[in-house]
Structures are given as C-alpha cells and as structure tokens.
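Report on the following structure.
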Amino acid sequence: MRGLLYSLLPLLLLLLQPWETQLQFAGPRCSTGPLDLVFVIDSSRSVRPFEFETMRQFLVGLLRSLDVGPNATRVGVIQYSSQVQSVFPLRAFSRREDMERAIRALVPLAQGTMTGLAIQYAMNVAFSVAEGARPPEARVPRVAVIVTDGRPQDRVAEVAAQARARGIEIYAVGVQRADVGSLRAMASPPLNEHVFLVESFDLIQEFGRQFQGRLCPVDHCSFGNHSCQHDCVSTFGGPQCRCREGYDLLPDGRNCQARDLCNGVDHGCEFQCVSEGFSYRCMCPEGRQLQADGKSCSRCREGHVDLVLLVDGSKSVRPQNFELVKRFVNQIVDFLDVSPEGTRVGLVQFSSRVRTEFPLGRYGTAAEVKQAVLAVEYMERGTMTGLALRHMVEHSFSEAQGARPRALNVPRVGLVFTDGRSQDNISVWAARAKEEGIVMYAVGVGKAVEEELREIASEPAELHVSYSPDFSTMTHLLENLKGSICPEEGIGAGTELRSPCECESLVEFQGRTLGALESFLNLSLAQLTARLEDLENQLATQK
Numbered sequence: 167m168r169g170l171l172y173s174l175l176p177l178l179l180l181l182l183q184p185w186e187t188q189l190q191f192a193g194p195r196c197s198t199g200p201l202d203l204v205f206v207i208d209s210s211r212s213v214r215p216f217e218f219e220t221m222r223q224f225l226v227g228l229l230r231s232l233d234v235g236p237n238a239t240r241v242g243v244i245q246y247s248s249q250v251q252s253v254f255p256l257r258a259f260s261r262r263e264d265m266e267r268a269i270r271a272l273v274p275l276a277q278g279t280m281t282g283l284a285i286q287y288a289m290n291v292a293f294s295v296a297e298g299a300r301p302p303e304a305r306v307p308r309v310a311v312i313v314t315d316g317r318p319q320d321r322v323a324e325v326a327a328q329a330r331a332r333g334i335e336i337y338a339v340g341v342q343r344a345d346v347g348s349l350r351a352m353a354s355p356p357l358n359e360h361v362f363l364v365e366s367f368d369l370i371q372e373f374g375r376q377f378q379g380r381l382c383p384v385d386h387c388s389f390g391n392h393s394c395q396h397d398c399v400s401t402f403g404g405p406q407c408r409c410r411e412g413y414d415l416l417p418d419g420r421n422c423q424a425r426d427l428c429n430g431v432d433h434g435c436e437f438q439c440v441s442e443g444f445s446y447r448c449m450c451p452e453g454r455q456l457q458a459d460g461k462s463c464s465r466c467r468e469g470h471v472d473l474v475l476l477v478d479g480s481k482s483v484r485p486q487n488f489e490l491v492k493r494f495v496n497q498i499v500d501f502l503d504v505s506p507e508g509t510r511v512g513l514v515q516f517s518s519r520v521r522t523e524f525p526l527g528r529y530g531t532a533a534e535v536k537q538a539v540l541a542v543e544y545m546e547r548g549t550m551t552g553l554a555l556r557h558m559v560e561h562s563f564s565e566a567q568g569a570r571p572r573a574l575n576v577p578r579v580g581l582v583f584t585d586g587r588s589q590d591n592i593s594v595w596a597a598r599a600k601e602e603g604i605v606m607y608a609v610g611v612g613k614a615v616e617e618e619l620r621e622i623a624s625e626p627a628e629l630h631v632s633y634s635p636d637f638s639t640m641t642h643l644l645e646n647l648k649g650s651i652c653p654e655e656g657i658g659a660g661t662e663l664r665s666p667c668e669c670e671s672l673v674e675f676q677g678r679t680l681g682a683l684e685s686f687l688n689l690s691l692a693q694l695t696a697r698l699e700d701l702e703n704q705l706a707t708q709k
C-alpha cells in the first residue's frame, strides 16, 4: 500500500495544484492577427495519466498566451487514438475560459495511435468552413500543432503532404517515445523550425515558449537572412518563401522550380503531356502520330487479336466501383481497331457464377462494344475466378462464339480483372489457359492477391501483371496494356492471312505472327528463339 501511495504521489500533487499556478508561458500576450489554430492531441493508451495531465496543462497555458477572438485567433482541439474525436471546433468558443473548461473535461481515448487518420480529419473536417475556419480567399493562416508520444500505426507522409498542399502549416511535437522519422514526414519545411522533440512531458513547456515566440508579428524578411530564391513573406511563424507565377516551392522551403503545367490543368492528352515553359503539348508513343485535335494519337491498325475480358462482379467490388471498371474496359476498347477482321472483343462477368455478356463474334465496331459494356448489370455475389477461367477456356475462345480458327494463328488474349481472393481453385484452369496458347493478363485492384495474379498471368509475370490499390486510380494501368496490345509494329501489322493448306504460306505466316506476338507480349529474344526452334522441330517431325 505504501509503495502504491508513493507511486501516485506525483500525480496527486499535480492534480491538487490550483489552476492559477499551472503552466503558463512568460511574456506579454501578443497579437497574432487572424489565425486558425488546431491542436491535434495524441491520447493513445501509451500516454500515461500524469503525462496526459501535463499535456492538458500545456494546452491551457498556451491558450492564455494567445489573442483569442472571432477576428483574431480561433482555436480548435481534436484528440485521437484509434479514432478521432473533436473536443471543440474552431467555431465553438470565442472566450478563453470556455476553451479551458472544455480542455479540463477532456477524457483520453486510450486506444491505438492512428496519427494519419487524425491529420486526414484535421484537413477535411477541422479546417473546413463549416467547422469555423475562415474561407481560403480570406488568406488566414491555418496552423496544426500535432503532439504525439509514439510511432503512428498508419501512414502519415502522404496525408501530411496533402494537408501542407492545402495551405496547412504543420508543427510536429514529439514527446519521449516519439518516432523522429514520422515527425519529419508530418511537419512543414523548414523542418528545423517545425519539428520539436522533447525528452518528457514535463519539458513540453519549452516548445510552448518557442511557439509563443513565433506568434508575435515581426518583419522577419527585413531582419533575417531568408535566402529565398524568389520572394519572402513574413508570417507569424517566421519568414516564408514564395515563388513567382508559374513556379512551385521545392521541399527545402527556399528554392523554386518551373511548374509542371500538365499536373495543374485538364490537358486531355491521350498518351503524355509535356510542359514547355508556360505552356504544354501532347505527345504520342513512338510509331503513332498526333491527330489534328492535338490530343489523341493514331490507333492501332491492322491488328489481328481475339480479346476476352473476364470482369469480377463480386459483391466486394461494390456498384460504384463496378461502374469504374466498365469505364476502364471502354478506355481499352477506345484504343483498339475493333472490326471483324481486326480486333474482336468478348466480355465475361463472374461472381459465384459465370455469365457471357457478349461473345467475340457479336459486335463489329468499337461503338457497339462500348454500348454493350455500359449495359452490363452488376452481379454482386462471390468470387469464383477458377470457374471463370474454365468458362473462358471451354467456351469464350470457341469458333461458335466468334473466335477465329486456330489455323489462322490469330493471337488469343485473356485479361482477368479482379479485386480479391478467389473462393475456388484457379491453378488447373490458369495453367490450362496457357497450355491452350492464350496469352493471359491479370489486373488486380484493392485486395487482389499477388500470388493469384501471378499464377493467372503468362510469363514473365512482371510484364503481364498490373495492380492498383484503388479503383479511382487504376487508369494509370492503361498505358501498360495499350503498349502491349499496340507496340511499334502493331500486332499482326501487315499480316496477310493466307490459306493454311499451303505449307510454305503456313510457315511464313507463323513466323510473322510470332514476331508480332513477341512485341505484343514483350517477350525476350531468347524466349522467341526457343519458340521458333520448337516450331521448326514440330514441322520436321511431321515431314
């Protein structure tokens, strides 16, 4: 009992201190001008009770140094652990006493440490106009002070970069067990002015004093050596560099580089946008010409391909994402020369069952295919990828469904699109598809399993497997697929379909088709040579 009493004594003494004698920062209260300030407080289980109490006092003491008011500094506080909770938003209080009362009533969440989630909430909610932040056109500085004692259990770098890009200045304060790398990933540049690491919660007031010093308005640009390449702007936190029109600030916070206009405009380039000074232009891949509209590229012509798309319609995809998948399919179709003599396209949807939406031989134009794709209805059931592969091998590439005879050696290509693990075995029919000479591509999104994608795809898997973490960002996969379907020479470009009965014509045709197929599959020269030798051996045996 005596040991327990001694261990609780520091906490009891801390709690018994009158609020008037708690932590306050020396010096007169200075006017910061308009400022929207949000504190993001770590209240995970690793923050001990007496440490959280010290952080509470730190907030109250810092509040007493601020010029709080509707037209001056607006303050909001959020706490986070495995979830995020708004203690009070920017619009809630205009009096310091009301803020202090809310902070005193704060109960820690005592769970995990999802710092990235907290930054996301601050960016999208806490600094919104609805929560009391002043609109962007008012040009009121937005400042977030993140106080944490540990390593985040989620990613912070990307979401912090998004917050900084929206004009939020981030101070990262690490206490005791905090991870320095994470602090640096969160904070605004220059890092030596926005990253603070203190040994214990008892010393957190040192950050408070330094932060208070940054609030008082001083013409830092006139009195300091700012080293800005272009312009310097004096802010409450010190000098900040700004770049002239058409330039962006580099991560060092001082130097500028010409802006990549392609990232800031809706350029509409089909293949690639290239910035040139204060303008930009569209480019096409080698072997294709820019069209008169200055945006689109010439299409793949004279390509002979039978292409079957297997689309995952399981419930995990969800209706809104299935619409994105259909749009993705139509973007592939836009690139192809769809015709009975050129590229034929078939579509199969699978979930717990398999349904041929339209076979290879049904539509003869790209417009007809795209219209049929948009009309496809979402199944919303399980994920039987193995069953879909079997259906493709046994039915989709049959002549009855529009595939051209094997004697013509038209490349047969299967593209499987899935977002998750198959509920049945895929091994047998994935292998069978390749044994049947079908070139297999696997496109995975979200929770797709890499091992399954590689098992479905043809070799080398690195050239036949594509992955995107999110449905909304999967369009970047298009260029890889387009590059395979329409290489510089084009699939079967200039291939003359001769009678398969003529041995000489057959050998010539097979050689030319395999050459084009090599470009389509991005196969190495060694692989192509091996296949040609195998073909020659077969012909010699038949003789």
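Going by our numbering, the letters in the sequence shown line up with residues 167 to 709, in that order. The beta carbon of each residue, even a glycine, is placed where N, CA and C say it ideally should be.
Exposure label - V313; buried when at least 16 CB within 10 Å
V313 is buried by the Cβ-count criterion.
Continuous alpha helix (DSSP H) stretch holding E628: start and end
Segment 627-630, the alpha helix (DSSP H) holding E628.
Quick one: measure Cβ to Cβ for V609 and V582, integer angstroms, because I've assumed they're closer than 8 angstroms.
7 angstroms
Whole angstroms are fine: how far does the CA of R420 sit from the CA of R222?
Rounded to the nearest angstrom, the two C-alpha atoms are 36 angstroms apart.
Of the listed residues V474, G548, Q328, nearest to V499 (C-alpha basis):
V474
Pick out whichever of N496, H557, A554 has its Cα sitting closest to the Cα of T531.
N496
Could you check the C-alpha separation between D459 and E560 for me, to the nearest Å?
43 angstroms
Residue closest to R570, alpha-carbon to alpha-carbon, out of D397, M352, P525
Looking at the Cα atoms, P525 is the closest of the given residues.
Looking at the unbroken alpha helix (DSSP H) that takes in M280, where does it start and where does it end?
Unbroken run through M280: none, as it is neither H nor E.
Out of curiosity, what's the CA-to-CA distance linking E523 and H433?
34 angstroms
Taking Cβ positions, are C428 and Y413 nearer each other than 8 angstroms?
For C428 and Y413, no; Cβs fall outside 8 angstroms.
Where does I285 fall in DSSP's three states?
helix
Would you kindly work out how many angstroms separate the C-alpha atoms of L349 and P417, rounded to a whole number?
15 angstroms
Looking at H202: is its Cβ nearer than 8 angstroms to the Cβ of F293?
The amino acid at residue 202 is misidentified as His; the sequence shows Asp. Yes, the pair counts as a contact, with Cβ atoms nearer than the cut-off.
Compare the beta carbon distance of V241 and M265 with 8 angstroms and say whether it is the shorter of the two.
yes
Measure the C-alpha to C-alpha separation of E442 and A424 and round it to an integer number of angstroms.
The straight-line gap separating the alpha-carbon atoms of E442 and A424 is approximately 9 angstroms.
Classify R510: buried if its beta carbon has 16 or more other beta carbons within 10 angstroms, exposed otherwise.
For R510, the number of other beta carbons within 10 angstroms of its own is at least 16, and it is reported as buried.
Could you tell me which of V615, R332, G316 sits nearest to G347, measuring between CA atoms?
G316
Name the one or two DSSP bridge partners that E335 has.
Paired residues: V309.
CB-CB length for L272 against V291, believed under 8 angstroms
That belief does not hold up - the Cβ atoms of L272 and V291 are roughly 18 angstroms apart, past 8 angstroms.
4-residue-minimum alpha helix (DSSP H) runs that sit fully inside the region 185-273, ordered along the chain
215-229, 262-270
In whole angstroms, what is the alpha-carbon distance linking I285 and S517?
37 angstroms
Use the C-beta contact count for S690: other C-beta atoms within 10 angstroms, 16 or more gives buried, fewer gives exposed.
Bear in mind that a pLDDT of 44 at S690, under 50, signals an unreliable position, so the number given afterwards is only what the model happens to contain. With fewer than 16 Cβ atoms within 10 Å of its Cβ, S690 is classed as exposed.
Provide the residue(s) that pair with A424 in DSSP beta bridges, ordered along the chain.
BP columns for A424 point to Y413.
Cα separation between E461 and A331?
Checking the sequence, you will find Lys at residue 461 rather than Glu. For the pair K461 and A331, the Cα-to-Cα distance works out to about 29 angstroms.
How many angstroms separate the CA atom of S248 from the CA atom of H470?
54 angstroms
Do L553 and V520 have their beta-carbon atoms positioned less than 8 angstroms apart in this structure?
yes
One or two residues paired with T314 in a DSSP bridge
G340
What whole-angstrom Cβ distance do A614 and D585 have, given they're in contact under 8 angstroms?
A Cβ-Cβ separation of about 6 angstroms places A614 in contact with D585 under the 8 angstroms criterion.
For R262, tell me which candidate among V243, Q277, V206 has the shortest Cα-Cα distance.
V243
Quick one: what's got a C-beta closer than 7 angstroms to S593's C-beta in the same chain, skipping five residues either side?
The beta carbon of S593 lies closer than 7 angstroms to those of E621 in the same chain, with the five residues before and after it left out.
Of the choices V483, E546, W595, whose alpha-carbon is the least far from that of P635?
Per the Cα distances, V483.
With a threshold of 6 angstroms on Cβ separation, who are the neighbours of P274 within its own chain once the five nearest residues in sequence on each side are excluded?
S209, F218
Starting from D500, trace the alpha helix (DSSP H) in both directions and tell me its first and last residue.
485-501
Separation of S638 from V159, as counted between CA atoms:
The structure shown does not extend to residue 159, since the chain spans only 167 to 709, so no value can be given for it.
Cβ shell of C439 (< 7 angstroms), same chain only, five flanking positions each side left out:
C428, H433, Y446, C448
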